[in-house]
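**Q** In this note's numbering, the protein residues as written are 14 to 402.
For reference, the structure I am asking about is given below.
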């Protein structure tokens, strides 16, 4: 059976998803086009050879509507013959793009394919695709969950309560994320993965001077008396400091088979070993990373001890800390160059951003196996195992 390997991986710096953010002036199509151009320039691949481009975007509306990935391909200067599609698995959209791309290569449907993602949260704010007064869930879901579904921030609070995670623990985890990201920047560890854009060279949200004392002064981000009455166990410990920010950014990885890589003279960074996706409780919607991790390890015939590095998306500190409690993973192997709390979480771009950071960290550290997993709205999670080459 054919294999699938990553031969190049790039991302933009991550900007604040605010009108004054460093990348707010860049149209989302251009954000993604920049990573696509950089991907082929750094790899030396003729873009005419690319069989498909699969991109993730969450809020597919306004400037991110009409199959954003296709227009990024055209803006990047690829031949018109290169097709593209845009997928949505919420925060895991571009990780799902990686799964689809690799599965296409393994099956023989593709020889060379790009998985990528973009989100400009400054220009297309979260939930822009749900007009005021409209119900995206429908009557069947309302009947199944008569008390109503809840926002992700409330899910993060419920997770903190269920796993007895204190404010101090969550803030300390967030501070460590900033420390690791700052150290990675200072050590030049992002140089091979970041493609500077319009003079922006670094991730905008990394705060080297972050401290637990500073974070302790922040107010709860999601306090709501109605949800407090419904869920009296919540202590309201989730803040803007121990949650991921809103961001702008794009990322892309180039995937092919080992045979095609050898024929084209490309250097594989990692082999895409195993994949899993799972559903979970849509109220505790962010806990799917636990069964997804277990499932992908079974598929890979590996144990947790075989994994040298983990990337677990830091949507909230509580998500990663609950995952750690359930799996027993060594936190020193998790998000070793910092995570989304520090680097940022541009929704549709985050899956391939994690992959980009992970494959470069694997090469820098000589890792044999790595595992990436992401929680997703609605009670979903993706997971995959990479093998170093």
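A virtual CB, placed ideally from N, CA and C, is assigned to each residue, including glycine.
All of these numbers come straight from a predicted model, not from anything done at the bench.
For residue 29, list the residues DSSP reports as bridge partners.
**A** Bridge partners of residue 29: 260.
**Q** Is it buried or exposed for residue 136, if we count other Cβ within 10 angstroms and need 16 for buried?
**A** Answer is buried; the Cβ neighbour count reaches 16.
**Q** Around the C-beta of residue 258, are 16 or more other C-beta atoms found within 10 angstroms, so that it is buried, or is it exposed?
**A** Answer is buried; the Cβ neighbour count reaches 16.
**Q** Taking only runs that begin and end inside the region 24-108, name each unbroken beta strand (DSSP E) of 3 or more residues, in chain order.
**A** Those beta strand (DSSP E) runs which fall completely within the region 24-108 and span 3+ residues are 65-69 and 97-100.
**Q** Less than 8 Å between the C-beta atoms of residue 351 and residue 193, yes or no?
**A** In this structure, residue 193 lies closer than 8 Å to residue 351 by Cβ.
**Q** By the three-class DSSP mapping on this structure, what secondary structure does residue 182 have?
**A** The answer is helix: DSSP assigns residue 182 an H, G or I state.
**Q** Compute the beta-carbon to beta-carbon distance between residue 229 and residue 48, rounded to the nearest angstrom, for a pair I have assumed lies under 8 Å.
**A** With a Cβ gap of about 37 Å, residue 229 and residue 48 do not count as contacting.
**Q** Taking residue 139 as the reference, which of 364, 360 and 226 has the closest Cα?
**A** Answer by Cα proximity: 360.
**Q** With burial defined as no fewer than 16 other Cβ atoms inside 10 Å of the residue's Cβ, what is the status of residue 404: buried or exposed?
**A** What is shown of the chain runs 14 to 402, which leaves residue 404 out entirely.
**Q** DSSP three-state label for residue 393, please.
**A** It is a strand residue.
**Q** Since I believe residue 397 is in contact with residue 385 (beta carbons under 8 Å), could you give me their beta-carbon distance rounded to a whole number of angstroms?
**A** Contact flag correct, Cβ pair sits at about 6 Å.
**Q** Between residue 291 and residue 312, which are expected to be in contact by the criterion C-beta below 8 Å, what is the C-beta distance as a whole number of angstroms?
**A** Contact flag wrong, Cβ pair sits at about 11 Å.
**Q** By the three-class DSSP mapping on this structure, what secondary structure does residue 327 have?
**A** In the structure shown, residue 327 sits in coil (DSSP, three-state: anything other than H, G, I, E or B).
**Q** Checking 8 Å against the spacing of the C-beta atoms, do residue 182 and residue 249 come in under that value?
**A** No, the pair does not count as a contact, with Cβ atoms beyond the cut-off.
**Q** Hey, how far is the Cα of residue 65 from the Cα of residue 179?
**A** Rounded to the nearest angstrom, the two C-alpha atoms are 46 Å apart.
**Q** Which residues does DSSP pair with residue 385 in a beta bridge?
**A** Paired residues: 324 and 397.
**Q** Are the CB atoms of residue 176 and residue 297 nearer to each other than 8 Å?
**A** Result no, Cβ atoms of residue 176 and residue 297 do not sit closer than 8 Å.
**Q** Taking the CB atoms as reference points, tell me whether residue 323 and residue 342 lie closer together than 8 Å.
**A** Yes, Cβ-Cβ distance for residue 323 and residue 342 is below 8 Å.
**Q** Please classify residue 269: does DSSP put it in a helix, a strand, or coil?
**A** Strand.
**Q** When DSSP labels each residue in this structure, what does residue 347 get in the three-state scheme?
**A** In the structure shown, residue 347 sits in a strand (DSSP, three-state: E or B).
**Q** Is it true that the CB of residue 382 sits closer than 8 Å to the CB of residue 315?
**A** Yes, these two residues count as a Cβ contact at 8 Å.
**Q** What are the boundary residues of the alpha helix (DSSP H) that includes residue 376?
**A** First-last of the alpha helix (DSSP H) with residue 376: 363-378.
**Q** Straight-line CA distance for residue 119 to residue 222?
**A** Going by the C-alpha atoms only, they are around 45 Å apart.
**Q** According to DSSP, which residues form a beta bridge with residue 233?
**A** Per DSSP, 252.
**Q** Buried or exposed: residue 39, going by 16 or more other Cβ atoms within 10 Å of its Cβ?
**A** Buried.
**Q** Between which two residues does the alpha helix (DSSP H) harbouring residue 314 extend?
**A** Premise fails: residue 314 is in no alpha helix (DSSP H) and is neither H nor E.
**Q** CB residue 364 to CB residue 117, shorter than 8 Å?
**A** No, the Cβ-Cβ distance between residue 364 and residue 117 is not below 8 Å.
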